[in-house]
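Chemist: Protein chains in written order, with the numbering used here: chain A, 4 to 121; chain B, 12 to 591. Ideal Cβ placement from N, Cα and C applies to all residues, glycine included.
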Amino acid sequence: MSESVGKHSILAEAQSPLSEAVRKVQREVAVPDRDGLHARPVMRFVDLACKFQSEVWVSNISRRGERLDGKSPMQMMLLEATQGCILRIEASGTDAPEAVAALAALLEAGALGDASTG
Amino acid sequence: MEILRGIAVGPGVAIAEAVVLEAEDYRIPYRTVSAGEVEQELALFDTAVSKSIEELQQQEEWLNTHLGRDAANVFEWHIGVLRDDRLRKSIERLIREKQAAAAYATSSVMRNYQRRFMQMSDPLLVERIRDVQDIERRLLRHILGEKREDWAHLTQPAILVAHDLTPSQTAILPRTQVSGVALDTGAATSHTAILLRSWGRPGVIGLNDISTRISGGDLLIVDGSNQLVILQPTPATLEEYRSRQAAYVRLTGELDELRELPAVTKDDQRILLLSNIEFPYEAAAGLQKGSDGVGLYRTEFLFLRPEGVPSEDEQFEAYKEAILGSGEHPVTIRTFDLGADKYTQQKSYEQERNPMLGLRSIRYSLRNLDMFKVQLRAILRASVHGNVRIMFPLLVSLMEFRQAKMAFFDAVEDLEDVGTPFRRDIPVGIMLETPAAAIQIREFCREVDFISIGTNDLIQYMLAVDRSNERVSQFYTASHPAVLRALHDVVRVCGQTETDCSLCGEMAGQPLYTMFLLGIGLRSLSMSPVSIPEIKKLTRLVTIPQTQRVSRRALSFETERQVNNFLRDETRRLLPDDPL
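1) When burial is assigned at 16 or more other CB atoms within 10 Å of the CB, is GLN386 of chain B buried or exposed?
2) Give the C-beta separation of GLY430 of chain B and MET402 of chain B to the nearest angstrom, bearing in mind that I take them to be a contact with Cβ-Cβ under 8 Å.
3) Nearest to ALA83 of chain B by alpha carbon, out of B:PRO168, B:GLY91, B:LEU74?
4) Distance cutoff 9 Å, beta carbons only. Does ASP425 of chain B sit that close to anything in chain A?
5) Closest Cβ-Cβ distance between SER75 of chain A and chain B: below 9 Å?
6) State yes or no: is the beta carbon of GLY91 of chain B nearer than 9 Å to at least one beta carbon in chain A?
7) For the putative contact between THR550 of chain B and GLU517 of chain B, defined by C-beta atoms under 8 Å, what is the C-beta separation to the nearest angstrom?
8) To which residues of the same chain is SER5 of chain A closer than 6 Å at the C-beta, ignoring the five residues directly before and after it?
9) Considering Cα atoms alone, identify which of B:ALA204, B:LEU176, B:LEU171, B:SER101 is closest to SER190 of chain B.
10) Do ILE543 of chain B and GLY520 of chain B have their C-beta atoms within less than 9 Å of each other?
11) Answer yes or no: does any C-beta atom of chain A fall closer than 9 Å to that of MET131 of chain B?
12) For the segment 401-489 of chain B, list the alpha helix (DSSP H) runs that are entirely contained and at least 4 residues long, ordered along the chain.
13) For PRO540 of chain B and SER302 of chain B, which I take to be in contact (beta-carbon distance under 8 Å), what is that distance rounded to the nearest angstrom?
14) Which runs of the alpha helix (DSSP H) spanning at least 4 residues fall entirely within the segment 491-557 of chain B, listed in chain order?
15) Starting from ARG91 of chain A and walking both ways along the beta strand (DSSP E), at which residues does that stretch end?
16) Considering only their Cβ atoms, is the gap separating MET121 of chain B from GLU87 of chain B smaller than 9 Å?
17) Using a Cβ-Cβ cutoff of less than 6 Å, which residues in the same chain neighbour GLU101 of chain A once the five nearest sequence positions on both sides are dropped?
18) List the residues that DSSP assigns as beta-bridge partners of LEU15 of chain B.
19) Starting from ASP234 of chain B, trace the beta strand (DSSP E) in both directions and tell me its first and last residue.
20) Going along the chain, which residues of its own chain have a beta-carbon closer than 8 Å to the beta-carbon of VAL44 of chain B, five neighbours each way excluded?
21) Can you check whether the C-beta of LEU593 of chain B is within less than 9 Å of a C-beta belonging to chain A?
22) Which residues of chain B have a Cβ atom closer than 8 Å to the Cβ of LEU81 of chain A, listed in chain order?
23) Taking Cβ to Cβ, would you say GLY227 of chain B is nearer than 9 Å to VAL31 of chain B?
24) Over what stretch of residues does the alpha helix (DSSP H) that includes ALA27 of chain B continue unbroken?
25) DSSP three-state call for VAL385 of chain B: helix, strand or coil?
26) Tell me which residue opens and which closes the alpha helix (DSSP H) that GLU48 of chain B is part of.
27) Would you mind working out which of B:ASP511, B:GLU571, B:ASN575, B:ILE531 sits nearest GLN557 of chain B, comparing C-alpha positions?
28) Which residues share a DSSP beta bridge with THR343 of chain B?
29) Curious, which full-length beta strand (DSSP E) runs of at least 3 residues does the segment 36-86 of chain A contain?
30) Leaving out five residues before and five after ILE221 of chain B in sequence, what residues of the same chain have Cβ atoms less than 7 Å from its Cβ?
31) Between which two residues does the beta strand (DSSP E) carrying ALA193 of chain B extend?
32) Could you check whether ARG149 of chain B and GLU66 of chain B sit closer than 9 Å to each other, using their CB atoms as the reference points?
33) Distance, Cα to Cα, ARG434 of chain B vs MET538 of chain B?
34) Per DSSP, VAL60 of chain B is paired with what?
35) List, in chain order, every chain A residue whose beta-carbon is nearer than 7 Å to that of ASP95 of chain B.
36) Please report the Cβ distance between VAL103 of chain A and ARG47 of chain A, rounded to the nearest whole angstrom; I am assuming they are in contact, meaning their Cβ atoms lie under 8 Å.
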């Protein structure tokens, strides 16, 4: 598991247009929260992912985990995303870049969410 | 006849037959169905999901209204999981392809998930097992029908006995059919206890093994006021309790009428009666019961939730709500009293062997300054909305107090740097709950703006007793002469140094001690709001010289038994009907 703590810069960003309509984007982000990703932050993440048309996949690189569905509350809990874990977010679809950017931003901001209602 | 001691989560007496809630899982009646029945099972599952979601939404709403958003959020993930497409598809696939019964398919899939959580290393994630079990049980209840909680079949109210109750189960306890609760497990600060307390009926938890010792139909007495459960009561005991129960009912009726009247002794001495609260909404609720404000706001309940540490804004909102709910009345906010509980024990490298004497409370805060300052800033920001005081718990030394105050000044500076509004003149005081602080009271009085005596912990430390340990809890008593003497000395020094002094332990809400406390000079008592009417009634029946005679006499005894008998006699004279 990665030792890094705090915000993490983009490790890899790949973009390959398959066709005009569908694009694939991926990005890696470290989990900053001391308590990792659970209960309410998971629902925030899932609710946001569901706003996008693209398919969303998340893998926990630090735990060599499988690709899990970003729109599934159960699978996102099974990610075991504790502090410092590097997560790879992938999206595939017409709004893939927006999806990845928004979800990465949510994670990086600390999904416990100081600002909004939550 | 047998008497079991536990921890009370609700006052009053319940006398009824027991209904034992089995802890084990639902028995799945059969695993597979015929091909022709598959569509039926799919429909059954589908309906169970919709009903479960609807149920959860209603509960979320109820919890939100009565206990606030944090309690309501407990179910947010549950609803998400029930809507999870993948989860539903995997259950439906089993039904379709393997002709599995809906109950069996549901159970298989959910158990599988539980196993995966079991393998995780993070303790907070492992707890999700309980949530998944809760969701599984809810679905099974709808698929198999209401076989377990046979409330509808009860012709008269019953006492619910169980090994444990999940928050879900507690949230839906039917008030008419269940007159009392008795549980094996339970810490006073568990989520279940919190919910039971707001349910307000007689309840005793931490009874160890009561669920295995009785059978459904056994007659029980649950005495919430004295923290006992009585098995196989003798006819004499039954009679005594029946009359106590009648008296209690009459008393609660009378007491509600006292709300508008002030807490003033017969010789016109005004006594402040304040409330101890755990949730912001209780501040306004306390005013309804006639309180003069919040004497103790226990903020650690903000931490007791799966999401972990609350942010500065989240805390600010909670404090603001409590302050606004109190109008012009004062609100004393105690900083986190964590440790010796699940939250901090799970976070530490090794569980402490003796959490009560470990890294808890103010020590924990001083070792986690970032977290501490977040709380201090939140309190300072909220202070603009009313009349706030800050209180540090479990102080043992002047050094600690000075360090805590420095953290306070740092927080002040932080807010000044960014121009956030706050009130500078907030009084800063301590909760006096250790023998060391009691002995050094004079020195503390020089540096603090006020003190509030926390008798719960003070008595534990003074008498070397863990009150939640069923084996020794009978040694815990405020009637011990040493305790009375310590209280007398502390209040006297506060009087001499003109330091504002209050008492916020459970003792404040017990009529047995009211005359003693007033007699030694206390003029401010903070208690659970349900106790306010009764203490007010007693206050209005005495004169100060009368209370001073009582306290002088109480202080002259050698043993707790003598003290108890004396105080009981004195109090009974004024409150003959009161089940003391």
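Modeler: Once the coordinates are examined:
1) What you label residue 386 of chain B is simply residue 375 of the second sequence in a count that begins at 1. Flag for GLN386 of chain B reads buried.
2) Counted from its first residue, the second sequence places residue 430 of chain B at position 419. Counted from its first residue, the second sequence places residue 402 of chain B at position 391. MET402 of chain B and GLY430 of chain B do not touch by the CB rule: their CB atoms are close to 27 Å apart, not below 8 Å.
3) Your numbering for residue 83 of chain B matches position 72 in the second sequence. Nearest option by C-alpha distance: B:LEU74.
4) Sequence index remark: in the second sequence, residue 425 of chain B carries index 414 (1-based). Not an interface residue.
5) As a position in the first sequence, residue 75 of chain A is number 72, starting the count at 1. It does; some Cβ of chain B falls within 9 Å.
6) Your numbering for residue 91 of chain B matches position 80 in the second sequence. Yes, its Cβ sits closer than 9 Å to a Cβ of chain A.
7) Your numbering for residue 550 of chain B matches position 539 in the second sequence. Your numbering for residue 517 of chain B matches position 506 in the second sequence. Not really, about 17 Å apart at Cβ, beyond 8 Å.
8) Translated into positions along the first sequence, residue 5 of chain A becomes position 2. Any reading at SER5 of chain A needs caution, since the residue's pLDDT is 39, under 50, leaving its predicted position unreliable; the model's value is listed next. Excluding sequence neighbours, SER5 of chain A sits near SER65, GLY87, ILE89.
9) Along the second sequence, read from residue 1 onward, the residue named residue 190 of chain B stands at position 179. The candidate whose alpha carbon is nearest that of SER190 of chain B is B:LEU171.
10) Against the second sequence, residue 543 of chain B aligns to sequence position 532. Against the second sequence, residue 520 of chain B aligns to sequence position 509. Against a cut-off of 9 Å, the Cβ pair of GLY520 of chain B and ILE543 of chain B comes out as a contact.
11) Counting from one through the second sequence, the residue named residue 131 of chain B turns up at place 120. Yes, MET131 of chain B counts as interfacial toward chain A.
12) 409-429, 446-450, 452-458, 466-474
13) The count along the second sequence starts at 1 and reaches residue 540 of chain B at position 529. The count along the second sequence starts at 1 and reaches residue 302 of chain B at position 291. Confirmed, Cβ separation roughly 6 Å.
14) 492-507, 522-530, 543-550
15) Residue numbering aside, residue 91 of chain A sits at position 88 when the first sequence is read from its first letter. Taken as a continuous stretch (DSSP letters only), the beta strand (DSSP E) holding ARG91 of chain A covers 89-96.
16) As a first step, residue 87 of chain B is located in the second sequence; it is residue number 76 there, counting from the start. As a first step, residue 121 of chain B is located in the second sequence; it is residue number 110 there, counting from the start. With contacts defined by Cβ atoms closer than 9 Å, GLU87 of chain B and MET121 of chain B do not form a contacting pair.
17) Taking the first sequence and counting its residues from 1, the one referred to as residue 101 of chain A is at position 98. For GLU101 of chain A, where only same-chain residues beyond five positions count, there are no Cβ hits under 6 Å.
18) Within the second sequence, numbered from 1, the residue matching residue 15 of chain B stands at position 4. Partner(s): B:VAL240.
19) One-based indexing of the second sequence puts residue 234 of chain B at position 223. Segment 230-234, the beta strand (DSSP E) holding ASP234 of chain B.
20) Working through the second sequence from its first residue, we reach residue 44 of chain B at position 33. Only GLN51, GLU52, GLN110, ALA111, ALA112 meet the Cβ criterion.
21) Chain B is shown from 12 up to 591; residue 593 of chain B falls before or after that span and cannot be answered.
22) Reading the first sequence from its first residue, position 78 is the one you call residue 81 of chain A. Under the 8 Å cutoff, chain B gives TYR124, ARG127, PHE128.
23) Along the second sequence, read from residue 1 onward, the residue named residue 227 of chain B stands at position 216. Along the second sequence, read from residue 1 onward, the residue named residue 31 of chain B stands at position 20. Against a cut-off of 9 Å, the Cβ pair of VAL31 of chain B and GLY227 of chain B comes out as a contact.
24) As a position in the second sequence, residue 27 of chain B is number 16, starting the count at 1. Where ALA27 of chain B is concerned, there is no enclosing alpha helix (DSSP H), although the beta strand (DSSP E) it sits in stretches over 24-32.
25) On the second sequence, position 374 is the one that residue 385 of chain B refers to. Secondary structure of VAL385 of chain B (DSSP, three-state): helix.
26) The residue given as residue 48 of chain B occupies position 37 in the second sequence. Segment: none, GLU48 of chain B is in no alpha helix (DSSP H) and carries neither H nor E.
27) Reading the second sequence from its first residue, position 546 is the one you call residue 557 of chain B. Closest option to GLN557 of chain B, Cα to Cα, is B:ILE531.
28) Looking up residue 343 of chain B in the second sequence gives position 332. THR343 of chain B is bridged to B:ARG400.
29) 58-63
30) One-based indexing of the second sequence puts residue 221 of chain B at position 210. Excluding sequence positions up to five before and after ILE221 of chain B, its CB lies within less than 7 Å of the CB of LEU15, VAL172, ALA193, ASP195, VAL240, all in the same chain and listed in chain order.
31) In the second sequence, the residue the question calls residue 193 of chain B occupies position 182. Run containing ALA193 of chain B: 189-194, per the beta strand (DSSP E) assignment.
32) Walking along the second sequence from the start, residue 66 of chain B turns up at place 55. Walking along the second sequence from the start, residue 149 of chain B turns up at place 138. Taking 9 Å as the Cβ cut-off, GLU66 of chain B and ARG149 of chain B qualify as a contacting pair.
33) In the second sequence, residue 434 of chain B corresponds to position 423, counting from 1. In the second sequence, residue 538 of chain B corresponds to position 527, counting from 1. The straight-line gap from Cα to Cα measures roughly 27 Å.
34) For the purposes of this step, residue 60 of chain B is identified with residue 49 of the second sequence, where counting begins at 1. In the DSSP output, where bridge partners are listed per residue, VAL60 of chain B has none listed.
35) Within the second sequence, residue 95 of chain B is the residue found at index 84, counting from 1. Neighbours of ASP95 of chain B on chain A, chain order: SER75, PRO76, MET77.
36) To locate residue 103 of chain A, count along the first sequence from 1; it is residue 100. To locate residue 47 of chain A, count along the first sequence from 1; it is residue 44. Incorrect: roughly 16 Å between the Cβ atoms, too far for contact.
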